[in-house]
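>
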Amino acid sequence: MILLRRAQALARSIGDVLMLGQSIKTESGILNRTGRNEEALAISRQGYRLFVEVGDRAWMASSLVDISAMQIALGRWKEAIATLDSAMIIADQGGFDRTRMLILNRTSYAYEKLGDMKNALLQKERYTQVKDSVEGTAVVEKLAKQEQRFLFARRLFADSVAHAQQLALEKETSRQQVHRQRTRTQAIAGGGALLLLGGGVAFALDRKRRKERFEKDAARLETQALRSQMNPHFIFNALNSISAFIRQQEPHRAQEFIARFGRLMRLVLENSRMAEVPLKSDLEALGLYLELEQARTENKFDFHIHLEDGLDPEEVNVPPLVMQPFVENSIWHGVSGMVGRGSITIHIRRQGDQLVMDISDDGVGRGEPSTSNVPEKKGSLGTLITKARLDLVQRQKGRPAFFRYIDQAIGTRVELVLPI
Numbered sequence: 015m016i017l018l019r020r021a022q023a024l025a026r027s028i029g030d031v032l033m034l035g036q037s038i039k040t041e042s043g044i045l046n047r048t049g050r051n052e053e054a055l056a057i058s059r060q061g062y063r064l065f066v067e068v069g070d071r072a073w074m075a076s077s078l079v080d081i082s083a084m085q086i087a088l089g090r091w092k093e094a095i096a097t098l099d100s101a102m103i104i105a106d107q108g109g110f111d112r113t114r115m116l117i118l119n120r121t122s123y124a125y126e127k128l129g130d131m132k133n134a135l136l137q138k139e140r141y142t143q144v145k146d147s148v149e150g151t152a153v154v155e156k157l158a159k160q161e162q163r164f165l166f167a168r169r170l171f172a173d174s175v176a177h178a179q180q181l182a183l184e185k186e187t188s189r190q191q192v193h194r195q196r197t198r199t200q201a202i203a204g205g206g207a208l209l210l211l212g213g214g215v216a217f218a219l220d221r222k223r224r225k226e227r228f229e230k231d232a233a234r235l236e237t238q239a240l241r242s243q244m245n246p247h248f249i250f251n252a253l254n255s256i257s258a259f260i261r262q263q264e265p266h267r268a269q270e271f272i273a274r275f276g277r278l279m280r281l282v283l284e285n286s287r288m289a290e291v292p293l294k295s296d297l298e299a300l301g302l303y304l305e306l307e308q309a310r311t312e313n314k315f316d317f318h319i320h321l322e323d324g325l326d327p328e329e330v331n332v333p334p335l336v337m338q339p340f341v342e343n344s345i346w347h348g349v350s351g352m353v354g355r356g357s358i359t360i361h362i363r364r365q366g367d368q369l370v371m372d373i374s375d376d377g378v379g380r381g382e383p384s385t386s387n388v389p390e391k392k393g394s395l396g397t398l399i400t401k402a403r404l405d406l407v408q409r410q411k412g413r414p415a416f417f418r419y420i421d422q423a424i425g426t427r428v429e430l431v432l433p434i
């Protein structure tokens with residue numbers, strides 16, 4: 015406390031109001047933690063007035079939060095709520111999201127102590143929305159890092175292809191050397207010729223093993239590169255949806271949309287690290303994506319996801335986001351271009367050792383003109399990447415993995431087949 019007194023004296027002597035307020039704020043915190051709540055409350059109010067004098071909104075909001083803590087410690091719940099309401103106005107104006115989270119959490123606690131559970135739950139819901147919004151913003155930084163990882167994987171794959179070409183050249187050179195050596199040694203005794211031939215065979219077998227090992231590594235790298243490529247494509251379309259929604263809707267609805275987007279991004283980032291994820295996790299991400307698009311289009315469509323009886327979504331694994339490009343096409347090129355409300359249905363069933371995912375809509379169909387003004391190549395990129403991913407699954411598992419369009423009178427239907 016002696017050092018604080020000296021700091022306050024120095025601040026007064028040089029006329030530094032902000033420094034004086036910060037020193038008083040620290041002193042009030044010490045007093046509050048030692049149980050001298052009334053004294054802490056009085057001093058904290060002095061500090062708040064100094065922050066008001068210099069017009070520093072961040073310190074004003076923080077000081078009011080401190081005052082509410084002292085009022086709560088004294089059991090003055092209603093006073094604390096009023097103080098927190100004032101702090102929220104300042105935090106909203108300044109965009110201090112971390113402070114808003116603290117205010118909402120503390121307000122919920124105060125209402126709970128008053129026995130007002132309705133308002134306590136309301137404040138807790140607002141706290142969750144702000145928290146998800148903050149975390150959704152943090153996702154952008156993670157996406158930038160993910161893009162760098164994707165570029166590295168693509169460069170690594172390109173280097174691997176160059177390595178394969180080098181191996182092929184070395185193999186051909188070695189073959190020619192063995193051939194010349196065999197020609198020069200034809201006059202050598204039969205035992206020596208057999209020895210050289212055995213060495214050539216061993217050399218060729220070693221080269222074959224190295225080539226097979228490289229092809230397996232290259233396929234693994236290609237899988238990683240395509241999986242990384244899928245996420246930027248999906249995120250680009252989702253961010254476009256958010257941008258359109260913000261331009262057209264009210265700010266509080268946009269905030270709800272961003273909060274939901276943050277939850278989806280967490281799932282996408284978690285799943286993108288794996289070649290396969292449980293079907294349950296992938297359907298959770300797909301459901302969030304559909305809800306976002308449903309909100310963006312002002313409920314232009316309904317959607318239904320059906321699982322065959324007996325199919326355990328926690329036991330079956332699928333490539334992450336494997337259905338998303340086809341669902342996206344159903345939205346952009348199907349139901350969004352029709353008059354009236356559309357419907358998208360996803361039906362998943364087991365068929366022997368295969369998983370069959372059926373995605374259908376009642377939109378304009380592939381052969382009819384769309385009024386959605388969405389370039390076709392935007393939708394086709396996702397399906398092209400998915401085809402490449404399925405080709406790799408087929409090569410790695412040795413069983414068919416494919417998708418096909420099935421003609422129907424109304425709308426579009428896609429059947430996606432995976433080995434399980």
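To convert, take the position in the sequence shown, counting from 1, and add 14; that gives the working numbering. All C-beta atoms, glycine included, are put in the ideal place defined by N, C-alpha and C.
1) Just how far apart, CA to CA, sit residue 356 and residue 115?
2) Return the chain-ordered list of same chain residues with a C-beta closer than 6 angstroms to the C-beta of residue 372, the five sequence neighbours on each side being excluded.
3) Taking the alpha helix (DSSP H) that residue 438 falls in, what are its first and last residues?
4) Roughly how far, in whole angstroms, is the beta-carbon of residue 426 from the beta-carbon of residue 374, given that I think they are within contact range, below 8 angstroms?
5) Please name the residue, chosen from 367, 312 and 48, that lies closest to residue 413 on a Cα-to-Cα basis.
6) Per DSSP, which residues does residue 331 bridge with? Please list them.
7) Using only the alpha-carbon positions, how far apart do residue 407 and residue 298 sit?
8) Using the C-alpha atoms, what's the distance from residue 127 back to residue 337?
9) Do you know how far the Cα of residue 87 is from the Cα of residue 130?
10) On the three-state DSSP scale, how would you describe residue 240?
11) Between the alpha carbons of residue 302 and residue 56, how many angstroms are there, rounded?
12) Should residue 369 and residue 332 be called a contact, given that it needs their Cβ atoms to be closer than 8 angstroms?
13) Can you have a look at residue 239 and say buried or exposed, based on whether 16 or more other CB atoms are within 10 angstroms of its CB?
14) Counting C-beta neighbours from all protein chains within 10 Å, is the total for residue 326 16 or more, i.e. buried, or is it exposed?
15) Could you please give me the residues that DSSP links to residue 307 through a beta bridge?
16) Quick test of your reading: residue 58 and residue 77, contact by CB under 8 angstroms. State the CB separation rounded to the nearest angstrom.
17) For a minimum of 4 consecutive residues, which ranges assigned as the alpha helix (DSSP H) are wholly contained in the segment 25-97?
18) Going by beta carbon distance, what residues of the same chain come within less than 6 angstroms of residue 133, once the five residues before and after it are set aside?
19) Measure the C-alpha to C-alpha separation of residue 273 and residue 223 and round it to an integer number of angstroms.
20) When you compare only the Cα positions, how much space is there between residue 286 and residue 334?
21) In the structure shown, what three-state DSSP assignment does residue 349 receive?
22) Can you tell me whether DSSP reads residue 312 as helix, strand or coil?
23) Run through DSSP, which three-state label would residue 115 get?
24) Identify every residue that forms a DSSP beta bridge with residue 9.
25) Quick one: give me the first and last residue of the beta strand (DSSP E) that residue 375 is part of.
26) Look up residue 356 in the DSSP assignment and give the residues it is bridged to.
27) Spatial neighbours of residue 26 within its chain, please: CB distance less than 7 angstroms, with the 5 preceding and 5 following residues excluded, ordered by chain position.
28) Alpha carbon to alpha carbon, what distance is there between residue 379 and residue 340?
29) For residue 446 and residue 118, which I take to be in contact (beta-carbon distance under 8 angstroms), what is that distance rounded to the nearest angstrom?
Taking the coordinates as given:
1) For residue 356 and residue 115, the distance between alpha carbons rounds to 38 angstroms.
2) Counting only Cβ-Cβ distances below 6 angstroms, and skipping sequence neighbours, we find 361 and 429.
3) For residue 438 there is no data in the structure shown, the boundaries of the chain being 15 and 434.
4) 7 angstroms
5) 367
6) 292
7) 22 angstroms
8) 47 angstroms
9) 18 angstroms
10) With a pLDDT of 48 at residue 240, under the threshold of 50, the predicted position of this residue should be treated as unreliable, and no value is reported.
11) Their Cα atoms are separated by approximately 49 angstroms.
12) Between residue 369 and residue 332, the C-beta gap is smaller than 8 angstroms, which places the two residues in contact.
13) Note on residue 239: pLDDT 47, under 50, position unreliable in the model; the coordinate value appears next. It is buried - the Cβ of residue 239 has at least 16 other Cβ atoms within 10 Å.
14) exposed
15) Its beta-bridge partners do not exist; DSSP assigns none.
16) Between residue 77 and residue 58 the Cβ distance is about 7 angstroms, and since that is below 8 angstroms, they are a contact.
17) Counting only runs of 4 or more, we get 31-47, 51-68 and 71-87.
18) 125
19) 51 angstroms
20) 7 angstroms
21) helix
22) coil
23) helix
24) Here the chain covers residues 15 to 434 and nothing more, so residue 9 does not appear.
25) 368-375
26) Answer is 315.
27) Cβ within range, chain order: 34.
28) Distance between the alpha carbons of residue 340 and residue 379: 13 angstroms.
29) Shown here, the chain extends from 15 to 434; a query on residue 446 therefore has no answer.
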